[in-house]
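Numbering (this note's numbering), first residue to last: 70 to 454.
Note that beta-carbon positions come from the ideal geometry of N, C-alpha and C, so glycine has one too.
What you are looking at is a predicted structure, and each value in this text was computed from that prediction instead of being measured.
See below for the structure under consideration.
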Ligand SMILES: Cc1cc2nc3c(=O)[nH]c(=O)nc-3n(C[C@H](O)[C@H](O)[C@H](O)COP(=O)(O)OP(=O)(O)OC[C@H]3O[C@@H](n4cnc5c(N)ncnc54)[C@H](O)[C@@H]3O)c2cc1C
């Protein structure tokens, strides 16, 4: 398909955020939507490299409320879009080894319960019953929510891409946006490696590159890339099918069942900001040692695959959603800081509502506007992995 000369809305980036926004705009009747992705396939960057976890267990009300909107959208996804997404409600189990984390998570359980989320506090003996394979040395307690779980990121992107196309939206690969046209404080369109497209609305859905796209429009968007990596093992017959998504919170170490093996990751908190996506082998050794200590059965596992990807971090680990004040017609959906896949369905809907109806109305997103940083109203999320 040739690059069109005009569109009502141009979306930069074809990960879960761009694809969900394109679908929800088209579903709400805006059919002249053009999504531009520079890779040859959609969802190849952060979305395709993520761990696929979906959870209600967040530390701020706004994140829990987004989950309460987004996770049921994933429950309905196959019915609505005809695309299976390998949805598994295997539950998330947080393991806590620090007194301050115990206090914070106990408060969170109360907050989540108040919002209708069924998270439970577990004593170490209950954790041992739930997952006997774990070494619980140092564990003071934990939280479990059976409604949390996993879904396949590539299938979610593909479902939204196909759904948007069926509704008339145009979603193109191999097109790189190199500039955003702004005149008199208003967006006029985009420049690409294949020509210009005039458009009154541009959505920045460029994930880890959202800061760069912001600069093209002359807007400072504080989203930075930070490398995170994953290892997947070969088959591990000892791992039961109902093995939950487990997060050892203090070291940011996690495991879940992936095929017949285990997927595991551990965040390096000293990782510098940058676009490097090569595997850091030194960190991988530190990670695997910690993983084997917590889940000793991993010692018997072989390596099946490994990769690195980029978190798209904002200063307070919450997304930057909605209009960018100094550039009329420029909207942002980014900065999810390591937990965006699961919020893609809801946030694409909310940004589509803002563009077409003037405001997001399914959920109030005012606390997520970028001007919170100017006003000193950051809302830090505790449960960052
Ligand atoms: C290792 C890892 C594990 C994670 N685990 C989880 C998890 O368990 N659960 C969860 O919810 N989240 C998780 N995340 C976070 C999640 O992956 C992201 O929050 C989410 O995928 C962000 O989606 P996105 O669409 O904003 O970004 P992306 O998927 O990166 O999409 C942005 C797209 O923009 C394109 N682009 C950039 N610049 C341009 C340009 N100039 N022109 C055209 N196209 C451009 C890129 O090619 C890219 O495809 C994880 C992330 C990583 C790295």
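So what does DSSP say about residue i, is it helix, strand or coil?
i           : result
residue 217 : coil
residue 312 : coil
residue 321 : coil
residue 373 : strand
residue 368 : helix
residue 111 : coil
residue 91  : helix
residue 348 : coil
residue 241 : strand
residue 122 : strand
residue 255 : strand
residue 441 : helix
residue 420 : helix
residue 406 : coil
residue 127 : coil
residue 205 : coil
residue 431 : coil
residue 229 : helix
residue 307 : coil
residue 447 : coil
residue 70  : coil
residue 385 : coil
residue 456 : Summary: the structure shown does not reach residue 456, with the chain confined to residues 70 through 454, and so no result is reported for it.
residue 184 : coil
Excluding the 5 residues preceding and the 5 following residue i in the sequence, name in chain order all residues of the same chain whose CB lies nearer than 7 Å to its CB.
i           : result
residue 211 : 162, 163, 164, 165, 191, 196
residue 334 : 120, 297, 298, 299, 323
residue 374 : 301
residue 171 : 165, 209, 210
residue 405 : 381, 388, 412
residue 116 : 84, 85, 222, 226, 410
Suppose you measure from the CA of residue i to the CA of residue j; what does that come to, to the nearest Å?
i           : j           : result
residue 228 : residue 418 : 15 Å
residue 216 : residue 248 : 42 Å
residue 81  : residue 106 : 7 Å
residue 285 : residue 258 : 11 Å
residue 182 : residue 118 : 31 Å
residue 438 : residue 371 : 45 Å
residue 88  : residue 301 : 27 Å
residue 358 : residue 366 : 12 Å
residue 186 : residue 138 : 12 Å
residue 177 : residue 140 : 19 Å
residue 288 : residue 203 : 47 Å
residue 277 : residue 226 : 17 Å
residue 382 : residue 292 : 5 Å
residue 391 : residue 96  : 19 Å
residue 426 : residue 376 : 40 Å
residue 364 : residue 122 : 19 Å
residue 423 : residue 155 : 30 Å
residue 397 : residue 430 : 20 Å
residue 262 : residue 74  : 13 Å
residue 77  : residue 143 : 28 Å
residue 235 : residue 193 : 50 Å
residue 407 : residue 380 : 5 Å
residue 147 : residue 92  : 14 Å
residue 306 : residue 356 : 22 Å
residue 328 : residue 410 : 19 Å
residue 389 : residue 395 : 15 Å
residue 319 : residue 454 : 9 Å
residue 84  : residue 222 : 9 Å
residue 145 : residue 184 : 21 Å
Any idea which residues DSSP pairs residue i with across the strands?
i           : result
residue 401 : 273, 391
residue 456 : The requested residue 456 is not part of the displayed model; the chain covers only 70 to 454.
residue 261 : 246, 264
residue 212 : 163, 190
residue 326 : 331
residue 342 : 295
residue 78  : 102, 270
residue 301 : 332, 374
residue 157 : 219
Looking only at its own chain, which residues have a Cβ that is under 6 Å from the Cβ of residue i, when we skip the five neighbours before and after it?
i           : result
residue 326 : 308, 312
residue 435 : none
residue 272 : 80, 90, 400
residue 315 : 162, 324
residue 275 : 81, 82, 282
residue 344 : 294
residue 129 : 448, 450
residue 86  : 274, 402, 413
residue 264 : 72
Less than 8 Å between C-beta atoms, sequence neighbours within five positions excluded: which residues of the same chain meet that for residue i?
i           : result
residue 241 : 70, 72, 103, 104, 105, 106
residue 200 : 162, 312, 313, 315
residue 251 : 257, 286, 287, 396, 399
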